[in-house]
Every structure is written in structure tokens, then in C-alpha cells.
Amino acid sequence: YGLSTPSSEQFRCISLIDKAKGYGMEGVQIDGNNLLTVYDTIRGVRDYCIKNKKPFLIEAQTFRMRGHEEASGTKYVPASLFELWEKKDPVKNFEQYLASAGVINEEGISTIREEIRVRIDQELELASQTSPVVADTAAELADLFAPVPAREHIIDNSAAGFVSETSRELRLIDAIKEGLHQSMGKHEKLVLMGQDIAEYGGAFKITDGFLAAFGKDRVRNTPLCESAILGAALGLSLEGYKSMVEMQFADFVSVGFNQIVNNLAKIHYRWGQNADVVVRMPSGGGVGAGPFHSQSTEAWFVHTPGLKVVYPSTPMDAKGLMIAAINDPNPVMFFEHKGLYRSISGPVPEEYYEVEIGKARMVKEGTDLSVITYGSGVHWATDYAALHPGISLDILDLRTLLPLDYDAIRASVERTGKVIVLHEDSLTGGIGGEIAAWIAEHCFDQLDAPVMRCASLDTPIPFSIELEKNYMANSRLGETVEKLLAY
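Residue numbering for the sequence shown follows my numbering, starting at 46 and increasing by one per position.
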């Protein structure tokens with residue numbers, strides 16, 4: 046049974062071990078209430094797994110003699126089943142086995158039972174004497190993330206006009222690839238996983254050549270099962286590895302949502318365990334790919350405590366943030382705009398370096414109006430500024446969406462007093478609403494007008510190029526700027 050649904054209504058195979066064949070595994074069904082059978086089986090299977098380096102499925106049949114929880118009761122279970130499994134009580138049967146074998150007598154059994162009862166009573170007494178937990182907000186927030194090691198290769202390019210002497214021009218896609226390649230060389234225990242990332246090099250060819258350079262153990266094709274990929278990444282983290290998981294498209298992450306928001310995001314808060322996983326998210330529209338290959342899903346994860354969310358807009362930031370994300374012992378959602386992969390290029394230092402997670406970049410200082418944005422929005426804003434030299438735009442590239450750089454946001458608001466939060470995601474529930482609320486709450490005295498949002502329509506993304514153009518936020522940027530300037 047689950048809570049109340051019998052296994053016969055949950056799957057159609059006769060036994061759970063029948064499922065092993067579908068995964069190329071060996072399997073065996075045993076009486077899970079027979080301690081000797083369980084012991085002998087586990088010992089043999091352990092030796093098999095070590096020798097053959099393969100998994101093995103054991104279906105150990107047992108029975109829950111009480112409800113799933115106190116409220117559910119057991120009325121849904123036939124009385125005959127209780128009678129059958131009562132005869133298989135593992136404690137009673139093992140006692141009888143030991144007694145019949147002359148290992149222990151009735152007095153010895155009674156002594157063991159009394160020792161166990163005393164131990165339980167002692168633990169209950171200890172628990173009852175424990176002082177109540179006293180809430181400490183600062184401590185609670187501090188438990189959310191694992192400490193980040195001291196950085197040795199930080200480049201601070203947050204100010205407008207930053208130039209590196211070792212830079213050369215790279216496309217966004219090549220910068221991501223270089224950051225990932227250098228990280229593979231730096232971390233021997235970094236493993237890449239995803240659909241078609243090995244021989245094929247990934248849907249966008251970012252891992253092309255990685256298989257030859259780093260081998261099949263570290264560059265691994267996976268089945269079409271995002272939840273399994275992410276679960277495996279978490280398992281590797283538990284064993285001291287680092288993982289990069291590629292979602293072929295960010296839209297597909299919904300299949301692995303539970304692993305991210307309930308496991309990766311919560312594990313450090315729950316018991317101090319690192320979740321050393323980077324999830325690459327090829328995202329965004331503008332390329333005519335329709336509603337299932339174009340979504341902007343960042344707001345899903347910005348709402349989840351325990352995750353870090355980054356979204357670079359330039360090649361320099363893409364490489365530096367990729368390296369920083371891999372070095373960070375916490376789970377990082379790494380968004381990459383597909384439309385920017387091969388359409389933009391920029392200076393990227395050759396060396397191994399990091400861009401600090403949680404620090405925004407000043408693209409252009411201005412006095413008339415602030416545009417706070419990220420990803421494709423940075424390029425929409427800079428293109429608009431170039432076409433309208435008479436308007437002094439202050440453009441802030443957030444780069445990190447969780448945690449936000451509130452100091453940089455405040456400084457931009459103070460320079461202009463008028464703010465547009467621009468993003469490609471839909472308007473309702475987008476991160477723009479959170480940023481606008483924070484500005485209204487903390488910078489009200491510096492505002493000369495209401496904070497405005499410029500975002501995409503609250504509809505699925507159309508396939509038609511003309512409909513998609515109308516869907517995208519940049520089609521309304523000029524109108525929003527004019528409205529705010531006139532306020």
C-alpha cells in the first residue's frame with residue numbers, strides 16, 4: 046500500500062523486480078521479514094555490485110501493520126492480510142529461531158526486551174528535558190547556504206567601461222564553453238551530465254570536444270529523465286563531487302522541478318550538506334521556437350530559498366559567472382539566453398577568473414531614467430539608448446537574480462528617481478514585481494514617479510515570428526520609457 050492505494054492499482058507488473066529488466070538490471074524478490082534471508086541476500090548482492098560495478102534491485106516484501114499516519118487508520122486493509130503478516134512478525138520469528146537453535150533462552154529474550162525498554166525510556170526522558178528551540182532569524186538565514194571559499198581569481202568588472210589587458214573577442218557561447226573547459230581542468234571531480242552532451246556535444250555544441258578531452262566518466266550522456274539527472278547530481282555531491290547538469294532547454298526543467306526545489310535547495314538548511322550542482326538553463330525567446338522551447342523560467346527559482354540564480358548578458362560575465370558557479374558549493378541555476386549565444390560577442394580574458402555572484406554591473410550611468418534589467422534586456426536597453434542619445438538612461442545589469450545586489454539597485458534609483466524594471470519573462474509573477482516592491486519599500490523618498498515594469502505578455506510564447514515580436518517585452522520598451530519620462 047501507499048497511503049491506502051494497493052500496489053496492484055499502482056503498477057501492472059506482477060512484482061516490482063519485473064521493472065529491473067527494463068533497466069538492464071538483475072533483481073530478486075525476498076521475504077523482507079526474514080532477517081536471515083535479508084542478511085544473506087544483501088551480503089551476496091553487495092559482493093555482486095562491487096565485482097561487476099552494476100546496480101541490483103532487491104524487492105524485500107514486508108507489510109505495514111499500522112496506518113500511513115495516525116489519522117488514516119487501517120480500515121482499507123482486509124483482515125486476512127493482517128492475519129497473514131502477523132504470522133511473519135520478524136521479531137517473534139527471529140526470537141523463536143534463536144531459541145530453537147539454542148542460542149538464547151526465554152530469560153535472555155526477556156532481558157533484551159527490558160534493556161530495549163529502558164533505553165527507550167531514557168531517550169524519551171532526555172527528549173522531554175531538552176530546552177525549547179529559540180528562534181534566531183540571523184542564524185536561520187545563515188543556515189541557508191554553505192560558506193563560499195575565499196576567491197583567488199576575482200575580476201571586478203562591475204563599473205562601466207571595465208577593460209582587461211588579456212581580453213580577446215568571444216561569442217557568448219564560446220565564453221561559456223571556455224569557462225566550463227577551464228573548470229574541468231581545475232576540478233578533477235567535476236562531472237558533466239545531460240542529454241546528448243557527449244559525442245554530439247550538446248544541442249548547442251557547448252560541450253563539443255569535451256568527451257575527447259576529459260573522458261566518458263566525466264562527460265556523461267543521460268536518459269530523457271531530468272529528475273533522474275538532477276537526482277544523480279545530488280548523489281554525486283553527497284560523495285564529494287561537483288556536477289554540471291545541462292537542461293537541453295530550460296523549459297524541460299519542469300520535469301525535474303522536485304529535485305531542485307525540494308532536494309537541492311533544502312539540503313544545506315536541513316542538515317548542512319552541500320549541494321554542489323550547477324544547472325545550465327538555455328532559455329529565452331526571439332528565435333521562433335514556440336511555447337515549449339522559449340520560456341523564461343527564472344522566476345520559478347528566484348522564489349525558492351536555498352538556490353542561487355545567475356543570468357549573464359555578456360561573454361565576459363558568462364565565463365566568469367560559470368567558473369564562480371562551479372566553485373560555489375551551493376546549487377546554482379545558470380541561465381543562458383539562446384538568442385545571445387551566437388549573436389553577440391565581447392572581450393573575454395584568457396585566464397581562469399570569476400565574476401562575483403550577487404554583484405550587479407553598471408552598464409551605463411545616466412540621469413533621466415534607470416533601466417534595471419538582465420539577460421536580453423541589457424541589449425534591448427543599450428540599443429534603445431544608442432538610438433535615443435537625447436535620453437540619459439542609467440542601465441544596470443543585475444547578472445545575479447538571487448541574491449540581488451540591493452546596493453546597486455538603490456544607487457541607480459538615487460541617480461535618476463525614475464525606474465523601469467525590464468525583463469523578457471511574462472509580467473505577472475516575474476522578478477520585476479519583487480524588485481519594484483523592494484524599491485517602493487526602501488527607496489520611496491528617492492522616487493519621482495511610480496516604478497514601472499516592462500515585460501512580455503501574460504500568454505504562452507507564439508510560434509509565429511510576428512506574434513512573438515509582439516509578445517516580447519522590447520516591443521513595449523519605447524512606450525514605457527516615454528510614459529515614465531512624461532510623468
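Cβ atoms here follow ideal geometry from the backbone N, Cα and C, with glycine treated the same way. Nothing here was measured: the structure is a model prediction, and the numbers come from that model.
DSSP lists L237 and V323 as the beta-bridge partner residues of M289. G411 is not bridged by DSSP to any residue.
If you look at K514, you'll find it in the alpha helix (DSSP H) that goes I510 to Y516. Annotated as proximal: H313 and N375, with beta-carbon spacing under 8 angstroms. For V354, DSSP records a beta bridge to M378 and L447. With a 10 Å radius around the Cβ and a threshold of 16 neighbouring Cβ atoms, T445 comes out buried. In the three-state reduction of the DSSP assignment, S520 falls in the helix class.
For P51, there is no enclosing beta strand (DSSP E), as DSSP marks it with neither H nor E.
T418 has D442 as its beta-bridge partners, per DSSP.
Proximity to A344 across V408, Y516 and D470 peaks at D470, based on C-alpha coordinates.
Its Cα nearest to that of L309, the residue L189 stands out among N150, L189 and Q293.
Taken through DSSP and simplified to helix, strand or coil, C499 comes out as strand. Each residue's CA atom was taken as its position, placing V464 and G411 some 12 angstroms apart. Here the stretch 322 to 336 lies against the stretch 374 to 391, with 3 or more beta-carbon pairs under 8 angstroms apart. Close CB contacts of I218 within its chain, under the 7 angstroms cut and outside five residues either way in sequence, are with F249, I251, Y386 and R387 (chain order). No residue range can be given for H338, since it is assigned to no beta strand (DSSP E) and is classified by DSSP as neither H nor E. DSSP places S437 outside both helix and strand once states are collapsed to three, so it counts as coil. Here H468 carries a strand assignment [DSSP, helix/strand/coil]. Nearest Cα to A453 within the set M407, N307 and Y121: M407. Beta-bridge partners of S328 (DSSP): H382. By the beta-carbon neighbour count (other beta carbons within 10 angstroms, threshold 16), E486 is exposed.
The beta carbon of G112 is closer than 7 angstroms to those of G118 and T119 in its chain, skipping five residues each way along the sequence. DSSP places A105 in the strand class (E or B) of the three-state scheme. Of the residues assessed, Q293 falls on the buried side of the cut-off, its CB having 16 or more other CB atoms within 10 angstroms.
By the Cβ neighbour-count rule, R57 is exposed, with fewer than 16 other Cβ atoms within 10 Å of its own. Boundaries of the beta strand (DSSP E) around G72: E71 to D76. Residue pairing for S390: DSSP places it in a beta bridge opposite R216. Here I436 has D413 as same chain residues with Cβ atoms under 6 angstroms from its own Cβ, once five neighbours each way along the sequence are excluded.
The continuous alpha helix (DSSP H) containing R164 extends over residues E151 to Q174.
Here DSSP, grouped into helix, strand and coil, assigns N79 to coil. Collapsing the DSSP output to three states places R406 in a strand. For K404, the closest of Y532, A183 and L447 by C-alpha to C-alpha distance is L447.
In summary, D166 is exposed, with fewer than 16 beta-carbon neighbours lying within 10 Å of its beta-carbon over all protein chains present. Exposure of T50 is indicated by the presence of fewer than 16 other C-beta atoms within 10 angstroms of its C-beta. By the Cβ-count criterion, N79 is buried, with 16 or more other Cβ atoms from all chains shown falling within 10 Å of its own Cβ. Our two residues, R460 and D439, have alpha carbons roughly 8 angstroms apart in a direct line.
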